[in-house]
Structure formats: structure tokens, C-alpha cells
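Student:
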Amino acid sequence: PLNNVSSIGCGLVLDIKDKIALTGPNPNHYYGTLATVTARFGLTDNLDINYVGGYNKNEYYNNLHFDFAGVGDAVNFLTFLDNTADTKTYSNELRLQSNGNEVYNFTYGGFASNQQLDAVFNFPGIVVPGPALTDITTKDYGLFTNQRFALGDRDDIQVGVRYSKTKISNAITGVGRDYNSTTGNASYQHQFTDDVMAYAKYSKGFKSGGWTTRLSQPISDGSQAEFDPEFAETYEIGLKSELFDNHLLLN
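The numbering used here applies: residue -15 is where the sequence shown begins, and numbers increase by one.
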């Protein structure tokens, strides 16, 4: 059996277990700044206007020096991974919301966010020749509502609908994409007793498409790096109970 391999990259003979060796300082730096603002204004005793704003800035950098001893063609070179990624996101949400009404309560709202991603990914010999550059702007918009009904003392129904629109632009390739979807959720809850409750839920979710920012092989068309939006549907039915004077929780 082969017990050791010769690495042309670093000029050493290494044990076969040492397939990938890191040499040098290999820095990894992450800096993050997060700020949020929330505000509420009461129009009446049962009606509020709520605002949530956010700012998120992330800076990431690493520079890893690799010696790929005995890993395929990589045995013939010494390489490094140099990765820098800066992300800024601004978001705003405004809601008109009722609460405390015995039979009917509601929420109407709007959401908007803007995210800028700038990145440089350099992995000579592994990734496409030269650094892979990323300059992508993502703008998200949403309108939503949630309707809540109390059908007597033991039955509750909730219905929600959301319209989402995402605009993505790639400044490197000059290509842009728009995605939109209408999703929703519904739930029913019945309280058999003060200690036993049953429920059923349905929801439909959406995640926009976009582009991958890391390529292992050259491509002839930017559309080859594009991926489609995702959709998900979930169904849930359950029973929750607290029995024997709350000594037994059974769900």
C-alpha cells in the first residue's frame, strides 16, 4: 500500500493521511454590523401602525494557502483560496394591525428590501482562470394580509395571502431577472376543552431564483449559472394537550 506521497507544490514527502495541508497564516476575518428600528403608533385602543426597519452589513475575507498532496491533478501545483465578500441589506416593513377584537382581527402590510453583494472569489487551478467576480443587486417587495376570525369561544380560523416580487440584476453579465409569486396560508383551530386543542394548517412558500456565484468550470453563457425559483407546500395536522393538572404535556 502507498504510505506517503510526494508534493511538488511544497517539495515535501507527506503521509497519505495528509491529503490537504494548510501552510501560512491563513487568515479568516468576519465583520458584521446590524441595526434595527421598531416603532408603534396606536390609532385606537384596538388598531396600531407598526414599523420595522433594518440595516445589515457583512464583510468576509479569507486567504487560505493549500498544498494538495496526492489529490488528482492538484498534486502539481501549490494554490490558494482568496475570497472577499461584502453584503449590505436595507429593509423596511409597515403594518396596519388590529388586536383585541372579540370576533375579527386583521393585518395589512408592505415590505421592501435592497441587498447589494460584491465578491471576489479566486482559486487558481480549481476555479475558472482568473478571479470570479460578483456584483449582484437584489430588490424584494411584498404585500401581505392576515385575517383572523374567532368563531365562538372554541374555534379560530386564520387566512393569509402574500404577493412577492424579486428583481435581481447582475452588473458583471448585464443580465437581470424578475420573479413574482402569490402565496398564502390557512389554519383552523378547535379547543375541545381548556386543556386539549386540535389544529390543521396549510401553507405555500416561494423563494426566488438567481445565479450561483461560484463556478468550477468555464461557461459560455451566463444563463448556465442561473437557477429556477423554488416553491413549497406544507400540510400539518396536530393535537396539543396538557393533562393531569399540567403534569403531562402530550402533543
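Cβ atoms here follow ideal geometry from the backbone N, Cα and C, with glycine treated the same way.
Since the structure is predicted, the reported quantities are computational estimates derived from the model, not experimental observations.
1. Reducing DSSP to helix, strand and coil, say where residue 19 ends up.
2. When DSSP labels each residue in this structure, what does residue 155 get in the three-state scheme?
3. Just to confirm, are residue 190 and residue 167 a CB contact at a threshold of 7 angstroms?
4. Run the CB neighbour count on residue 116, radius 10 Å, all protein chains shown included, and call it buried at 16 or more, exposed below.
5. Could you check where the beta strand (DSSP E) with residue 119 kicks off and where it finishes?
6. Report, in whole angstroms, the separation of the C-beta atoms of residue 35 and residue 74, which I expect to be a contact under 8 angstroms.
7. Using alpha carbons as the reference points, say which of 212, 123 and 210 lies closest to residue 98.
8. Touching or not, the segment 173 to 184 and the segment 146 to 165, by the rule of three or more beta carbon pairs under 8 angstroms?
9. Within the same chain, show all residues whose beta-carbon is closer than 6 angstroms to that of residue 87, passing over the 5 residues directly before and after it, in chain order.
10. Excluding the 5 residues flanking residue 26 on each side, which residues of the same chain have their C-beta closer than 6 angstroms to its C-beta?
11. Measuring alpha carbon to alpha carbon, tell me which residue in 28, 24, 23 and 44 is nearest residue 15.
Tutor: Quick answer:
1. In this structure, DSSP gives residue 19 an extended state, which the three-state scheme calls strand.
2. Coil, per DSSP.
3. In this structure, residue 190 lies near residue 167, with their beta-carbon atoms less than 7 angstroms apart.
4. With 16 or more other Cβ atoms within 10 Å, it is buried.
5. Start and end: 116 to 135.
6. No, residue 35 and residue 74 are not in contact; Cβ-Cβ is about 14 angstroms, not under 8 angstroms.
7. It is 123 whose Cα lies nearest to the Cα of residue 98.
8. Too few Cβ pairs lie closer than 8 angstroms, so no.
9. Excluding residues within five positions, the ones whose Cβ falls inside 6 angstroms are 134.
10. In chain order, 32 place their CB closer than 6 angstroms to the CB of residue 26, counting only its own chain and leaving out the 5 sequence neighbours on each side.
11. It is 44 whose Cα lies nearest to the Cα of residue 15.
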